[in-house]
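Here's the structure we're looking at; comments come further down.
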Amino acid sequence: MIQAQTSFSVKRIVNGKTLNFVLSANVPATQIFTPDPSTYAPDFTASPYLVITPALYISGQSSDQIAKLKAAPTITINGSATLSTFSATASASAPYALTIKKNLVSDSQYNIVFNAIYVEPVTLVEIPITATINIVKVSNTGTSIRAVAYAPQGQIFKNGQVSVLEAHCDMYRGSTIDTTDVTYTWEILSGGSWTTITSSNTLGITGYNTNEITIPSSAVLNTAIFRCTCKDTDSGSSTYNKTVSDTISLVDMSDPYDIDVFFPTGDSVVSGGSTTAQFMIRQGASYMTASGFTSTMTVKIYRNTAAGVLDTTWGTSGYKTATLDSTSGKYSLPISESDLLSGQITSFGCQLEG
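Going by numbering that gives the first Met the number 0, the letters in the sequence shown line up with residues 0 to 353, in that order.
Take a look at the structure:
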């Protein structure tokens, strides 16, 4: 699959920026309330409490840019800016985490909204951004079961910051997690239908027979939706052989790859001479290292005819493969006079495959 493509003479640069302002919770976004006895799970009044953390991802930047907000975000809970009503406090410094120490007693949900301003560093244009998350309450009797899935490390892959994320799922009986005689089945939504993850199609995912799977970034292209089904296998239980399910999504917000072309000795070839074209792979503002591409990526060079189409007489069916320098991380290809079309400027291109 072609990951990036460019030409030697005209470089394609994306100037626009995409801002993704997101909120994540440290515990499941569903609080289960059991009326008799009156219990809450998870319990927001006890450590680690409910912590909502914002993150700002910008195309062209390899890491969370939350520290570059103009000021601390303004926060509302159920439309109110009086955070103390919800026993909540917000940090005045990055990452501006919001901590809530009150259960959903009189409220059916917490609708939490962060509003902030990002200042574009070059133009100094101020861009308002908003992020929202809902924490909901579900009443559950002691004899019913419910599945709750969440991502303890967050749901976003970004430019190799993390290589894996975890998705966790628990079966609740009332407000208590039931782990006795429970089986877990994980599926991934593919082509509009659910596919069970097994040893023959793991996509690198591990733990698919447990309540927690480990998902590599390679298994998530743009967005991946996972479903966990919990089955009660306790023959003495009132819910014996019943199943409950929940879903969770992981998102890939990585920047696309770009190819930068360099000519250390110039882009002209004298009679009988040669030059070398060098290529470096960039994701956002960072160049990739050799270790990231040694076995997974290939840079192929092609030559265009005077009419601007692929010249299949050059190389192998029109392509030559650049050589990777494991020290510098640069790909290179020597170009001699014989590689040029007679009497005219020759147009080459390159593409990243993998």
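Glycine included, every Cβ here is placed at the ideal spot set by N, Cα and C. In this text the structure is predicted, and so the values were computed from the model without any measurement.
Are the beta-carbon atoms of V132 and Y48 separated by less than 8 Å?
The sequence shown places Ile at residue 132, rather than the Val named in the question. Between I132 and Y48, the C-beta spacing is not below 8 Å.
For P127, which beta-bridge partners are listed by DSSP?
Beta-bridge pairing by DSSP links P127 to I116.
Return the CA-CA distance between S335 and S217, expressed in angstroms with no decimal places.
When rounded, the distance between both Cα atoms is 38 Å.
So, are the CB atoms of Y95 and P72 less than 8 Å apart?
For Y95 and P72, yes; Cβs fall inside 8 Å.
Take G348 as the anchor and find which of T17, S327 and R302 has the nearest alpha-carbon.
Nearest C-alpha to G348: R302.
What are the start and end residues of each continuous beta strand (DSSP E) run of 3 or more residues lying completely inside the segment 135–180, in chain order?
Qualifying beta strand (DSSP E) stretches, in chain order: 144–149 and 163–172.
Given that a residue counts as buried once 16 or more other Cβ atoms are within 10 Å of its Cβ, and exposed if not, what is N158?
Buried is the call here.
Looking at C-beta atoms only, is the number of pairs between the segment 54–73 and the segment 26–39 that lie closer than 8 Å three or more?
Result no; under three Cβ-Cβ pairs closer than 8 Å.
With 16 other Cβ atoms within 10 Å as the buried cut-off, status of P41:
P41 is buried by the Cβ-count criterion.
Looking at C-alpha atoms only, which residue of N200, A146 and V250 is the closest neighbour of D231?
Answer by Cα proximity: A146.
Could you please give the first and the last residue of the uninterrupted beta strand (DSSP E) stretch that includes N19?
Segment L18 to A24, the beta strand (DSSP E) holding N19.
For K67, name the three-state secondary structure that DSSP assigns.
Helix, per DSSP.
Are the segment 236–243 and the segment 112–124 touching by the rule of at least three beta carbon pairs closer than 8 Å?
Here the segment 236–243 makes no contact with the segment 112–124; the two share fewer than three CB pairs at distances below 8 Å.
Taking 8 Å as the cut-off, decide whether the C-beta atoms of S58 and T88 are in contact.
Their beta carbons are not under 8 Å apart, which means S58 does not touch T88 by this criterion.
Exposed or buried, which one is I344 when buried takes at least 16 other CB atoms within 10 Å?
Its Cβ having fewer than 16 others within 10 Å, I344 is exposed.
Have a look at S234 and V181 and give me their C-alpha separation to the nearest angstrom.
In this structure, the alpha-carbon of S234 lies about 11 Å from that of V181.
T293 versus L323 - alpha carbon distance:
Any reading at T293 must be qualified, since the residue scores a pLDDT of 49, below 50, and its modelled position is unreliable; the value itself is stated next. Within the model, the alpha-carbon separation for T293 versus L323 is close to 7 Å.
What is the DSSP secondary structure of S273, counted as helix, strand or coil?
Strand.
Would you identify the three-state DSSP class for L82, choosing helix, strand or coil?
Helix at L82.
Any idea what DSSP makes of D257, helix, strand or coil?
The three-state secondary structure of D257, taken from DSSP, is strand.
Length of the line joining the Cα atoms of T222 and C229:
Near 23 Å, if we compare the C-alpha coordinates of C229 and T222.
Excluding sequence positions up to five away, which residues of its chain have a Cβ less than 6 Å from the Cβ of S143?
Taken in chain order, the list of residues that qualify is empty.
Reduced DSSP secondary structure (H/G/I, E/B, other) of D324:
When secondary structure is reduced to three states using DSSP, D324 falls in the coil class, being assigned neither helix nor strand.
Own chain residues within Cβ distance below 8 Å of T205, not counting five before or after:
Cβ neighbours of T205 beyond the five flanking positions: I212 and T213.
Work out the CA separation of D259 and K10 for me, nearest whole Å.
Caution applies to K10, whose pLDDT of 25 falls short of 50 and renders its modelled position unreliable; the value that the coordinates give is listed next. Roughly 7 Å separates the two Cα atoms.
Host beta strand (DSSP E) of E336 (start-end):
No beta strand (DSSP E) holds E336; DSSP gives it neither H nor E.
Tell me whether S189 sits in a helix, a strand or coil according to DSSP, three-state version.
Here S189 sits in strand by DSSP.
Where A218 falls: helix, strand or coil (DSSP)
A218 falls in the helix class under three-state DSSP.
Is K319 helix, strand or coil by DSSP?
In the three-state scheme derived from DSSP, where H, G and I count as helix and E and B as strand, K319 is classed as strand.
So with Cβ pairs under 8 Å, would you call S107 a contact of chain B?
No chain B is present in this structure, which holds just one protein chain.
Sorted by chain position, which residues of the same chain lie with C-beta nearer than 6 Å to N77's C-beta, five sequence neighbours on each side aside?
Cβ neighbours of N77 within its own chain (closer than 6 Å, five residues either side excluded): N110.
Can you tell me whether DSSP reads F43 as helix, strand or coil?
Correct three-state label for F43: coil.
So, with DSSP's three-state summary, where would you put V9?
Unreliable positioning characterises V9 in this predicted model, as indicated by a pLDDT of 23, which lies under 50. A coordinate reading is not provided.
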